[in-house]
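Per this note's numbering, the sequence shown runs over residues 1 to 257.
C-beta: ideal position from N, C-alpha, C; glycine also.
Contents: one structure, followed by commentary.
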Amino acid sequence: LFRLAEHTDRLCGSAHVYGMPLPYDRATLMAAQLEAVRANQLANGYIRTLAFYGPERLGLSPSGVRVHVAVAAFPWAAYLGADAEQRGIRVKTSSFVRAPANAAPPRAKIAAAYANSILAHQEVAAEGFDEALLLDERGLVAEGAGENLFIVEKGALREPATTSALPGITRDTVRELARDLTLSVRTTALTRDDIYLADEAFFCGTAAEIVPIIELDRRRIGSGTPGPITRRLIECFRAAVRGHDGRHLDWLTPVWA
1 LFRLAEHTDR LCGSAHVYGM PLPYDRATLM AAQLEAVRAN QLANGYIRTL AFYGPERLGL
61 SPSGVRVHVA VAAFPWAAYL GADAEQRGIR VKTSSFVRAP ANAAPPRAKI AAAYANSILA
121 HQEVAAEGFD EALLLDERGL VAEGAGENLF IVEKGALREP ATTSALPGIT RDTVRELARD
181 LTLSVRTTAL TRDDIYLADE AFFCGTAAEI VPIIELDRRR IGSGTPGPIT RRLIECFRAA
241 VRGHDGRHLD WLTPVWA
């Protein structure tokens, strides 16, 4: 499993942010995720671990309600399309914005936050685009509907500050892989036109992995095809995930003894 410890830590941290006492410790949660993959005999797949309140009472107060945990493991196709890595995707800026940090804690990964993402994705998909870009309440770039964003500018990576976005584990992976390639990474405020003028752009996330963006708001990005740095990062990511990069074997947890 790829970065099992980090994903489990994020689950525990998200529960802590929302004051949800998990009934299992970190080691038990990790073991359950491994067992779910074994039970489903998966060679490739996706894991979704959910902590949720039980049915003891309704209302806004979770006091006295049990916390349950479920682990699902299932086959997973390419999130944004089988050929998205090769052809790139078309993106549109949504009219829906990410909630500011004083409206919902951005460091917690919580199911309720996906309602915002669903609205944004549905809006742009209805116009024929593959994915949505969301801005924050100030009009600055936040992230995709379910992904973090990077742009390539003069051989270096830039990413938006994650003040209203979840700082993803794949995002952190990209930063590490960029260092392996001696690429600099800067975190700065980004506007939509920064992306329009970029040499390359891509989304990244657990489900999406790394996907080139070739168009935003009907404006071509760079050459209009996946760029060389994005392609190289995809190759490095694939090697790390599959255990072909000896520098990052610590990211992997064996499922079978």
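Where Ile89 falls: helix, strand or coil (DSSP): For Ile89, the three-state secondary structure derived from DSSP is strand.
Host alpha helix (DSSP H) of Asn44 (start-end): Where Asn44 is concerned, there is no enclosing alpha helix (DSSP H), given that its DSSP letter is neither H nor E.
DSSP-derived helix/strand/coil call for Gly224: It is coil, neither helix nor strand.
Assumed close pair Leu181, Arg231 - CB separation to whole angstroms, cut-off 8 Å: Contact check for Leu181 and Arg231: beta-carbon distance about 12 Å, past the 8 Å limit, so the pair fails to qualify.
Residue range of the unbroken beta strand (DSSP E) whose run includes His68: 67-74 is the extent of the beta strand (DSSP E) around His68.
Burial state of Leu249 (16 or more Cβ within 10 Å): Taking all protein chains in view, the Cβ of Leu249 is surrounded by fewer than 16 other Cβ atoms within 10 Å, so the residue is classified as exposed.
Exposure of Ala36, with buried meaning 16 or more beta-carbon neighbours within 10 Å: Buried, since its Cβ has 16 or more Cβ neighbours within 10 Å.
Unbroken alpha helix (DSSP H) run spanning Thr206, endpoints: Looking at the DSSP string, Thr206 is not in any alpha helix (DSSP H), and its letter there is neither H nor E.
Own chain residues within Cβ distance below 7 Å of Gly146, not counting five before or after: Cβ within range, chain order: Ser117, Gly205, Ala207, Ala208.
Distance between Leu42 and Arg242 (C-alpha atoms, nearest Å): A straight-line Cα-Cα distance of about 14 Å links Arg242 and Leu42.
Three-way DSSP call (helix, strand, coil) for Ile144 in this model: Per the sequence presented here, residue 144 reads as Gly, with Ile not at that position. Under the three-state reduction of DSSP, Gly144 is assigned to strand.
Range of the contiguous alpha helix (DSSP H) that encloses Ala178: Taken as a continuous stretch (DSSP letters only), the alpha helix (DSSP H) holding Ala178 covers 169-180.
Where the beta strand (DSSP E) containing Glu123 begins and where it ends: Note, Glu123: premise wrong, no beta strand (DSSP E); alpha helix (DSSP H) at 114-125.
Beta-carbon spacing of Thr191, Val141 below 8 Å: Closer than 8 Å, so yes.
Inter-stretch contact at 8 Å, needing at least 3 Cβ pairs: the region 68-82 / the region 98-116: Per the Cβ contact rule, the region 68-82 is not in contact with the region 98-116 (fewer than 3 Cβ pairs under 8 Å).
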